[in-house]
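2 protein chains.
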Amino acid sequence: MAEFSQEAVRVFKALAEPTRYEMLRMLLKCSNGELSCREFEKVFDLSKPAMSHHYRVLENAGLVSSRKEGPYVYYQLDRERLERFLPGFAQVHK
Amino acid sequence: MAEFSQEAVRVFKALAEPTRYEMLRMLLKCSNGELSCREFEKVFDLSKPAMSHHYRVLENAGLVSSRKEGPYVYYQLDRERLERFLPGFAQVHK
DNA sequence: TAAGTGCTTCTAAAAATGTAGAAATATCTA
DNA sequence: TAGATATTTCTACATTTTTAGAAGCACTTA
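For the record, the sequence lines run as chains H and P. Take the first sequence: its letter number 34 is residue 34 in the numbering used here, and every next letter is one higher. Take the second sequence: its letter number 62 is residue 62 in the numbering used here, and every next letter is one higher.
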């Protein structure tokens, strides 16, 4: 299987789960382009380890990157990669 | 969760598996717009029940419809629905 | 340094998914 | 009708995924 296809499947897998799908939508909608883990935790009623797992799946798919500022972690959407594999996602899944 | 989001997750789930992702690509590339199950079986080394399962996942996601002609089943891609949830898929995942 | 906070890793368990064998159903042909 | 062919359904099993508790690491602040 071609490398692009393998990556594409990984991207689909990342979004084939309600929590992660909503996380991505939150990142798309937010104004400053990034969200802290606390803002996700406000929305999703999941344990810290579960949240951490979902962050990592999104990171492994290359859809988000993270930045640590003090004790908190901030997540940013990789819009370029999203556009490469899912062009128009931002318009459709608003 | 909004109905559109639920359907979107179902669409992503359908494509988050190598066999089904390739099946959809085959349907995109084929000239006459539909493929019989035998053409899929030529490509994928899976049992009939496994193939049947994958057809149904794609159908439940609304991405393909099927037509029975004689003993064979033919599958057609719902390009309108694909475009609604994944605009540009046909261009990107060629 | 000590205590508190936030996140990750490790481990284990529950749930979902993918797979195939056997049986059942449907269709075509002789 | 009988037999052959094609697909689906039923069932069971293996793998993957999701989840949480416990422990550990990193950073901040008193």
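Here a beta-carbon is modelled for each residue, glycine too, at the ideal position from N, C-alpha and C. Small disclaimer: the values here were computed from a predicted structure and weren't measured.
| Check | Outcome |
| --- | --- |
| Is the region 21 to 36 of chain H in contact with the region 36 to 47 of chain P, if contact means three or more CB pairs nearer than 8 Å? | no |
| Taking all protein chains shown into account, decide if R67/P is buried (16 or more other Cβ within 10 angstroms of its Cβ) or exposed. | exposed |
| Look at the Cβ atom of T19/P, then the Cβ atom of L63/P, and state whether they are nearer than 8 Å. | no |
| My assumption, with CB atoms under 8 Å, is that A8/H sits in contact with F85/H. Please give the rounded CB distance. | 6 Å |
| Under 9 Å Cβ-Cβ, which residues of chain H neighbour L63/P? | Ordered by position in chain H, no residue passes the 9 Å Cβ test against L63/P, which lies about 12 Å from the chain. |
| Between which residues of its own chain and L15/P is the CB-CB distance below 7 Å, once the five residues before and five after are set aside? | Y21, L24 |
| Quick check: the Cα distance between L58/H and G70/P, rounded to an integer number of angstroms? | 45 Å |
| Can the beta-carbon of Q91/H be found closer than 8 Å to that of G33/H? | no |
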